[in-house]
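Residue numbers (our numbering): 15 to 401. Backbone N, C-alpha and C fix where the C-beta goes; we use that ideal spot for every residue, glycine too. To start, the structure itself, in structure tokens.
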Ligand code: ATP
């Protein structure tokens, strides 16, 4: 593991009071557990791909496994599907153990459906025949109902080869939903679609899953996709779960610097806890706006996490300036500036595209937040900005 990665990883298991009530798996969700992974580990030869995973997915929930390439997402999905068997641990679907010390249920005997990246439709069968494939006997009424559900009424007699990417994905989804699986697994379901269609299909797939009420687990390395479709996001790194929580909480209250940085741009501003404030290079930050900063941190240094929209910069006279923009990245609707503070910290600062901030000129940089800020115990050796 590289030094940079270790720096991110260390605070994940922070023993500070702020994390005492947090469980790595957010068990506050209600509803019956439909899928349960208990201490699941997968080794390939000497290499551990997935390590000690505990995860519960509840009835009707859409949970997304999110993480960088090689973190073990697909292996986890394949173990749930029965395409791989765990080296250790147990997987339960409903009340049935499908993998574990007491046995292994083959994929076709699990009530689990799988939507592949490439959709895997049979080109020699019609759309209706593809959908009916997993059903016992032909059930025309159900096929028609599914075509209607996925917005393809009247497409039953077509060949999948005559369909657009988005339409093929709808057919693949309908086919996987046809046998009414207890759990539907989606492996990078949008990766074969162009950017515009991807955004449209995210909404569509979520609508369809919610309409059927199926419990679903999806896999992606795209944080925007994970946050936009999921009820909960399970962030993985190096075979382990870093945090399982609602999209809002993983974004606003990340449990580790890795999660903070993977879920979007994150800057870390160093400050000293002093009474009701944290004294930082951006001036005093009200302690009340720093999420759960316990008294044990009085007098210590902490790193407050900031998103680019938490910070505003404006040109200022030298006397009141506290930083300079050193880099500008045009993103279309917005511009992301990298601002070096006089304190030595670097922060990302987002402005509307029509607001021009001069580079290398004195700036007054201030906080502009309406929510609690996440923080991490300070580590002088750690790099300050994740860009
Ligand atoms: P990606 O987003 O690139 O698909 P991932 O998060 O899905 O990545 P996995 O495919 O689960 O990651 O792989 C996790 C680790 O296990 C990787 O190091 C990978 O090389 C390894 N791995 C996966 N499948 C096998 C296999 N059949 N044999 C050996 N190693 C494997």
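Contact between residue 248 and residue 80 holds, since their C-beta atoms are separated by about 7 Å, short of 8 Å. If you compare the alpha carbons of 103, 199, 171 and 125 with that of residue 116, the shortest gap goes to 103.
In this structure, residue 204 has its CB at a distance of at least 6 Å from all heavy atoms of the ligand ATP. For residue 88, the distance from the CB to the nearest heavy atom of the ligand ATP is below 6 Å.
With a contact defined as Cβ atoms closer than 8 Å, residue 48 and residue 71 qualify at about 6 Å. If only complete runs of 3 or more residues are kept, the stretch 228 to 300 shows the beta strand (DSSP E) at 229 to 234, 246 to 251, 254 to 259, 281 to 288, 291 to 294 and 297 to 300, in order along the chain.
Looking from the CA of residue 199, the closest CA among 362, 276, 367 and 97 belongs to 97.
Its Cα nearest to that of residue 291, the residue 302 stands out among 120, 124 and 302. For residue 213, the enclosing alpha helix (DSSP H) starts and ends at 209 to 226. Only buried fits residue 321, as 16 or more other CB atoms lie within 10 angstroms of its CB. Taken through DSSP and simplified to helix, strand or coil, residue 89 comes out as helix. When DSSP states are grouped into helix, strand and coil, residue 311 belongs to the helix group. Distance from residue 273 to residue 257 at the Cβ level is roughly 5 Å; contact confirmed, criterion being Cβ atoms closer than 8 Å. From the listed residues 299, 259, 56 and 363, the smallest Cα separation to residue 340 is found for 363. For residue 180, same chain residues with a beta-carbon under 6 Å away, outside a window of 5 residues either side, are 211 and 215 in chain order. A direct Cα-Cα distance of roughly 23 Å separates residue 255 from residue 392. A contact between stretches requires three or more CB pairs, one per stretch, nearer than 8 Å, and the stretch 292 to 312 meets this requirement with the stretch 383 to 392. As the crow flies, the alpha-carbon of residue 118 is around 8 Å from that of residue 99.
Around the C-beta of residue 138, fewer than 16 other C-beta atoms lie within 10 Å, and the residue is accordingly described as exposed. CA-to-CA, the gap between residue 171 and residue 141 works out to about 6 Å.
Secondary structure in the stretch 49 to 81: the beta strand (DSSP E) runs of 3 residues or longer, each lying completely within the stretch, are 61 to 72 and 76 to 80 in chain order.
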